[in-house]
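Heads up: the protein sequence lines correspond to chains A and B, in order. Everything in the first sequence is counted per this note's numbering, starting at 1 for the first residue and increasing by one. Everything in the second sequence is counted per this note's numbering, starting at 1 for the first residue and increasing by one.
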Amino acid sequence: MTTLHLIPSSGHQTASILKQNSLAFQEETQSLRRAIQALSMSWQGGGQEQFSAEANALLRKLEAQVDALQILASRLEREVTEWEQTDQRGAALFRGSGRDGLPTTSYMPLYTGGQTENAFLNQTILPVFTALTVIPFLSGLPAWLNSFLERFFVPPTIATPFSKEGETPLAENSEGTTRFGDLLKETAPGAPSAQEADSPSPADGYDVYYDIPPQSQGKLYGSAACLPTSMSMALDYFHAKDPANRAASPSDLIGMLDQGDGTEGRGVTLDKLNDDLGELGYSSTVSAGNMDDLGAALREGPVIINSKVGLVSVPARDITPNGSINHAILVKAINADSVVVNDPWSGKEKVFSRTTFEKIWKGGGNYMTIVRPQATQ
Amino acid sequence: MKEQAGVFQFDLSRAELFWLAGAFGISSLPLPDATIERLTHDQLEQRQKAGHASLLTRGLIRSSPGFGWQIERLPAALVQWISSAPSLLRLERITTDGAVRSLHLFTSDAQGLSLEMDGEIARFIIYQTRRHLQDAIMRGLSLPSKTKKTASVHKLPQPLVFLPTAWKDASLAARILKEHGLDSKSAKSALDWAVSMEWIAALSKVRIEGTGNAITEQFALCGEGKSIWGGKDDGQYMSFAHIGTMAINSKIGDMLE
Numbered sequence: 001m002t003t004l005h006l007i008p009s010s011g012h013q014t015a016s017i018l019k020q021n022s023l024a025f026q027e028e029t030q031s032l033r034r035a036i037q038a039l040s041m042s043w044q045g046g047g048q049e050q051f052s053a054e055a056n057a058l059l060r061k062l063e064a065q066v067d068a069l070q071i072l073a074s075r076l077e078r079e080v081t082e083w084e085q086t087d088q089r090g091a092a093l094f095r096g097s098g099r100d101g102l103p104t105t106s107y108m109p110l111y112t113g114g115q116t117e118n119a120f121l122n123q124t125i126l127p128v129f130t131a132l133t134v135i136p137f138l139s140g141l142p143a144w145l146n147s148f149l150e151r152f153f154v155p156p157t158i159a160t161p162f163s164k165e166g167e168t169p170l171a172e173n174s175e176g177t178t179r180f181g182d183l184l185k186e187t188a189p190g191a192p193s194a195q196e197a198d199s200p201s202p203a204d205g206y207d208v209y210y211d212i213p214p215q216s217q218g219k220l221y222g223s224a225a226c227l228p229t230s231m232s233m234a235l236d237y238f239h240a241k242d243p244a245n246r247a248a249s250p251s252d253l254i255g256m257l258d259q260g261d262g263t264e265g266r267g268v269t270l271d272k273l274n275d276d277l278g279e280l281g282y283s284s285t286v287s288a289g290n291m292d293d294l295g296a297a298l299r300e301g302p303v304i305i306n307s308k309v310g311l312v313s314v315p316a317r318d319i320t321p322n323g324s325i326n327h328a329i330l331v332k333a334i335n336a337d338s339v340v341v342n343d344p345w346s347g348k349e350k351v352f353s354r355t356t357f358e359k360i361w362k363g364g365g366n367y368m369t370i371v372r373p374q375a376t377q
Numbered sequence: 001m002k003e004q005a006g007v008f009q010f011d012l013s014r015a016e017l018f019w020l021a022g023a024f025g026i027s028s029l030p031l032p033d034a035t036i037e038r039l040t041h042d043q044l045e046q047r048q049k050a051g052h053a054s055l056l057t058r059g060l061i062r063s064s065p066g067f068g069w070q071i072e073r074l075p076a077a078l079v080q081w082i083s084s085a086p087s088l089l090r091l092e093r094i095t096t097d098g099a100v101r102s103l104h105l106f107t108s109d110a111q112g113l114s115l116e117m118d119g120e121i122a123r124f125i126i127y128q129t130r131r132h133l134q135d136a137i138m139r140g141l142s143l144p145s146k147t148k149k150t151a152s153v154h155k156l157p158q159p160l161v162f163l164p165t166a167w168k169d170a171s172l173a174a175r176i177l178k179e180h181g182l183d184s185k186s187a188k189s190a191l192d193w194a195v196s197m198e199w200i201a202a203l204s205k206v207r208i209e210g211t212g213n214a215i216t217e218q219f220a221l222c223g224e225g226k227s228i229w230g231g232k233d234d235g236q237y238m239s240f241a242h243i244g245t246m247a248i249n250s251k252i253g254d255m256l257e
């Protein structure tokens, strides 16, 4: 028989040390970032861009390690707490009945006389070891319920991996203020797959819906490959529709960039892929539009838009409507209530209410990139 | 999913609830069942597997790229709402035919939630405002539309147990009253009144403590077609006197605060 053994006090102590160390690392990383930013102000040319890109890439790796350390600390804390609670429940049952097993009855008479007695017993649950990401994919909920759910799952505010020049990254959520269940959302090590196996088709209820598997930009181009990744997803769609249309991976597209089209770690300007796409047999135009324009363009195929969002990296990569990062996403479905996008940062499909989508698109200047095979023009 | 103004119903099976709670790391759920089945770990695991399959079929979860699952936020919110509540209101209504209706009521900000088990189905009803919830509780009590005032007061020990006992076995109820020290005349009066009641209900404020719970406040009502009595706890007994629907509504509002 396997023996399970855990000394809670040691567990708590280790979790505390992990957390303290992660905070110390975080402070050091922030200090380093400020130093690098100061350097970029006082050093122009002569390889400064290359140096800054490399230093920023290193910083992001450090920040990822700090995040990982914090997650480990929280997981350990939670594990120890669960052991303690299980132990307490076991002890309570032992004291109560002298027998093992789960509670057998929940109906207890309600007494008068100011006594406090059991009203019922809670159903005991077995843990399921998996990771969960909460996503809104039911449409048609009443607006008041949507609003309530948006408040219920307030996204954690954490340091974004890209700070604006001269701005110190924030780490508001570093002191364990995650909501219950957030810690279970972390993804497993390794690059996320672009496939969603056995996903039910969410096509029902959308005016237009393109079944395009999401791709993750991962750490490509200094974790700033949102436009090439979005573009690659769009090309995948046209290639799947007609193999004569060429597909290109995000790496392929980055490889086609000309000098000055983009900066690793900072991203690619929205129209800088247009000439490269021409070489691949596509036409690509960038314009500002409104929701009607987007709806019209979507009838011909997916559309890439520029959004202004927050990029979250813990407990899992996600985008939030509140943020200041320009971020390209692929719009693939729309209806009267919501807009479905493939987000390259998280590598996932996301559903926004139209209001939220309009907000993040407006923040991004209402820019959209429409790429289409030249033969269909 | 059903919707009416300010009210939204969403059902989850017990097995689905078990899987969701397990995946969120929730160790116990405050379900308003009359009984909790004694399930072995294997049986619980089987239920959770069935729940997982059902959630996938209903499109409430999807495989996540890489590892884990994407979950629709409505069921996620419901499971987290009931499991993280420090307290709840439990509404029980028992009628002379022995039927017991139990609901658990929760609040979060301005919104309210009721949870009722219908066999293997957990029926969640989300209310846009507490007022909507309060109205639903009033409807759930099924009070007579017109009531007659009465000056009589009756004392009963443990009314939620005593009244169903009296309906089922009057002689046993008489012995209970006698053991509580009531003289035969008072006992007969109390028993006659108790047997004439057609329902009893209690709204209890329950503090959630792990797998167990403790009542911190209770409001009991009983009645028949023409009158309603509200119970006042005097320590050893609960004294029942006439109460009007406005007073009941007001008391429920207080307990929801």
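Where is the CB? At the ideal position from N, CA and C, for every residue including glycine. In this text, all values refer to a predicted model and were calculated from it rather than measured experimentally.
Taking buried to mean at least 16 other C-beta atoms within 10 Å of its own C-beta, is ILE208 of chain B buried or exposed? What you label residue 208 of chain B is simply residue 208 of the second sequence in a count that begins at 1. Residue environment for ILE208 of chain B: buried (at least 16 other C-beta atoms within 10 angstroms of its C-beta).
Does DSSP put ARG33 of chain A in a helix, in a strand, or in coil? Within the first sequence, residue 33 of chain A is the residue found at index 33, counting from 1. Reduced to three states, the DSSP call for ARG33 of chain A is helix.
Which two residues bound the contiguous alpha helix (DSSP H) that contains PRO159 of chain B? Within the second sequence, residue 159 of chain B is the residue found at index 159, counting from 1. In the DSSP assignment, PRO159 of chain B falls within the unbroken alpha helix (DSSP H) covering 159–168.
In this structure, does DSSP put GLY68 of chain B in helix, strand or coil? Sequence index remark: in the second sequence, residue 68 of chain B carries index 68 (1-based). Note: GLY68 of chain B maps to coil in three-state DSSP.
Quick one, which residues of the segment 15–39 of chain B are near chain A if we go by CB-CB under 9 Å, in chain order? Result list: LEU17, PHE18, TRP19, LEU20, ALA21, GLY22, ALA23, PHE24, GLY25, ILE26, SER27, SER28, LEU29, PRO30, LEU31, PRO32, ASP33, ALA34, THR35, ILE36, GLU37, ARG38, LEU39.
Spell out a yes or no on whether the segment 148–156 of chain B and the segment 115–128 of chain B are touching, meaning 3 or more CB-CB pairs, one atom from each, closer than 8 Å. Contact between the segment 148–156 of chain B and the segment 115–128 of chain B is absent, with fewer than three C-beta pairs closer than 8 Å.
So what's HIS41 of chain B in DSSP terms, helix, strand or just coil? By one-based count along the second sequence, residue 41 of chain B stands at place 41. Helix, per DSSP.
At the level of alpha carbons, what is the spacing between LEU277 of chain A and PRO302 of chain A? Within the first sequence, numbered from 1, the residue matching residue 277 of chain A stands at position 277. Within the first sequence, numbered from 1, the residue matching residue 302 of chain A stands at position 302. Using only the alpha carbons, I get a separation of about 15 Å.
Since LYS219 of chain A meets chain B, which of its residues come closer than 9 Å, beta carbon to beta carbon? Your numbering for residue 219 of chain A matches position 219 in the first sequence. Ordered by position in chain B, no residue passes the 9 Å Cβ test against LYS219 of chain A, which lies about 14 Å from the chain.
Residues sharing a beta bridge with ASN382 of chain A, DSSP: Past the boundaries of the shown model lies residue 382 of chain A; chain A is included only from 1 to 377, so the question cannot be answered.
Are any of the Cβ atoms in chain B nearer than 8 Å to that of VAL208 of chain A? For this step, residue 208 of chain A is matched to residue 208 along the first sequence. No, because no Cβ of chain B sits closer than 8 Å to the Cβ of VAL208 of chain A.
Taking the alpha-carbon positions, what's the LEU184 of chain A to SER196 of chain B distance? Taking the first residue of the first sequence as 1, we reach residue 184 of chain A at position 184. Taking the first residue of the second sequence as 1, we reach residue 196 of chain B at position 196. Low confidence applies to LEU184 of chain A: its pLDDT is 35, below 50, so where it sits in the model is not reliable enough to give any reading.
Nearest to LYS241 of chain A by alpha carbon, out of A:GLY347, A:GLN48, A:PRO373, A:GLN26? Taking the first residue of the first sequence as position 1, residue 241 of chain A is located at position 241. That would be A:PRO373, whose Cα lies nearest to the Cα of LYS241 of chain A.
Look up PHE129 of chain A in the DSSP assignment and say whether it is helix, strand or coil. The residue labelled residue 129 of chain A in the question sits at position 129 within the first sequence. Three-state DSSP puts PHE129 of chain A in coil, outside helix and strand.
From what residue to what residue does the alpha helix (DSSP H) around ASN274 of chain A run? Walking along the first sequence from the start, residue 274 of chain A turns up at place 274. Per DSSP, the unbroken alpha helix (DSSP H) holding ASN274 of chain A starts and ends at 274–279.
Can you find a CB in chain B that lies within less than 8 Å of the CB of GLY205 of chain A? Here the question's residue 205 of chain A lines up with position 205 in the first sequence. Judged by the 8 Å Cβ criterion, GLY205 of chain A is not in contact with chain B.
Delimiting residues of the beta strand (DSSP E) encompassing THR369 of chain A: As a position in the first sequence, residue 369 of chain A is number 369, starting the count at 1. Here the beta strand (DSSP E) through THR369 of chain A covers 367–373.
Length of the line joining the Cα atoms of GLU72 of chain B and PHE238 of chain A: Counting from 1 along the second sequence, the entry for residue 72 of chain B is found at position 72. Counting from 1 along the first sequence, the entry for residue 238 of chain A is found at position 238. GLU72 of chain B and PHE238 of chain A: Cα-Cα distance of roughly 29 Å.
Which stretch, first to last residue, makes up the beta strand (DSSP E) that contains LEU89 of chain B? Here residue 89 of chain B is taken as the residue at index 89 of the second sequence, counted from 1. Per DSSP, the unbroken beta strand (DSSP E) holding LEU89 of chain B starts and ends at 87–95.
Between ALA396 of chain A and chain B, is any beta-carbon pair separated by less than 8 Å? Since the displayed chain A opens at 1 and closes at 377, residue 396 of chain A lies outside it and no answer follows.
Report the CB separation of ILE8 of chain A from GLU84 of chain A in whole angstroms; it is logged as a contact under 8 Å. Residue mapping note: residue 8 of chain A aligns to position 8 of the first sequence, counting from 1. Residue mapping note: residue 84 of chain A aligns to position 84 of the first sequence, counting from 1. This sequence places Pro at residue 8 of chain A; Ile is not what is there. That belief holds up - the Cβ atoms of PRO8 of chain A and GLU84 of chain A are roughly 5 Å apart, short of 8 Å.
Could you pull the start and end residues of the alpha helix (DSSP H) that GLN134 of chain B belongs to? The residue given as residue 134 of chain B occupies position 134 in the second sequence. Element bounds for GLN134 of chain B: 130–140.
Run through DSSP, which three-state label would SER353 of chain A get? Along the first sequence, read from residue 1 onward, the residue named residue 353 of chain A stands at position 353. Assignment of SER353 of chain A by DSSP, reduced to helix, strand and coil, places it in the strand class.
Would you report the Cα separation of GLN217 of chain A and ALA110 of chain B, rounded to the nearest angstrom? For the purposes of this step, residue 217 of chain A is taken as the residue at position 217 of the first sequence. For the purposes of this step, residue 110 of chain B is taken as the residue at position 110 of the second sequence. For GLN217 of chain A and ALA110 of chain B, the distance between alpha carbons rounds to 40 Å.
Residues bridged to HIS12 of chain A by DSSP? As a first step, residue 12 of chain A is located in the first sequence; it is residue number 12 there, counting from the start. Looking at the DSSP output, HIS12 of chain A shares a beta bridge with no other residue.
Quick one, which residues of the segment 324–351 of chain A are near chain B if we go by CB-CB under 9 Å, in chain order? Residues passing the 9 Å Cβ filter: SER346, GLY347, LYS348, GLU349.
Using only the alpha-carbon positions, how far apart do ILE212 of chain A and ALA234 of chain A sit? Locating residue 212 of chain A in the first sequence gives position 212, counting from the first residue. Locating residue 234 of chain A in the first sequence gives position 234, counting from the first residue. Their backbone Cα atoms lie some 8 Å apart in a straight line.
What residues from chain A crowd round GLN111 of chain B, counting only those whose CB sits closer than 7 Å? Residue numbering aside, residue 111 of chain B sits at position 111 when the second sequence is read from its first letter. Neighbours of GLN111 of chain B on chain A, chain order: PHE148.
Please classify ILE370 of chain A: is it buried, with 16 or more other beta-carbons within 10 angstroms of its beta-carbon, or exposed? As a position in the first sequence, residue 370 of chain A is number 370, starting the count at 1. Counting the other CB atoms within 10 Å of its CB gives ILE370 of chain A a total of 16 or more, which places it among the buried residues.
Exposed or buried, what is ASP292 of chain A when buried is set at 16 or more other beta-carbons lying within 10 Å of its beta-carbon? As a working note, residue 292 of chain A is residue 292 in the first sequence. When all chains shown are included, ASP292 of chain A counts as exposed.
Report the neighbours of GLY140 of chain B on chain A: residues whose CB is nearer than 8 Å to its CB, in chain order. Your numbering for residue 140 of chain B matches position 140 in the second sequence. Chain-order list of chain A residues neighbouring GLY140 of chain B: empty, with the shortest C-beta distance near 17 Å, by a criterion of under 8 Å.
How would you call MET368 of chain A, buried or exposed, if buried means at least 16 neighbouring beta carbons within 10 angstroms? Residue mapping note: residue 368 of chain A aligns to position 368 of the first sequence, counting from 1. Counting Cβ neighbours within 10 Å, MET368 of chain A comes out buried, since at least 16 surround it.
Rounded Cβ spacing between GLY11 of chain A and GLN215 of chain A (contact assumed at less than 8 Å): Position 11 of the first sequence holds residue 11 of chain A. Position 215 of the first sequence holds residue 215 of chain A. The pair is not a contact, with the Cβ atoms about 39 Å apart (cut-off 8 Å).
Is there a Cβ from chain A that is less than 8 Å from the Cβ of GLY68 of chain B? Here residue 68 of chain B refers to the residue found at position 68 of the second sequence. It does: the Cβ of GLY68 of chain B has a partner Cβ on chain A nearer than 8 Å.
Residue(s) in a DSSP beta bridge with ASN213 of chain B: The residue you call residue 213 of chain B lines up with position 213 of the second sequence. According to DSSP, which records beta bridges pairwise, ASN213 of chain B is partnered with B:ILE208.
Using the C-alpha atoms, what's the distance from GLY363 of chain A back to THR263 of chain A? As a working note, residue 263 of chain A is residue 263 in the first sequence. As a working note, residue 363 of chain A is residue 363 in the first sequence. The C-alpha of THR263 of chain A lies about 22 Å from the C-alpha of GLY363 of chain A.
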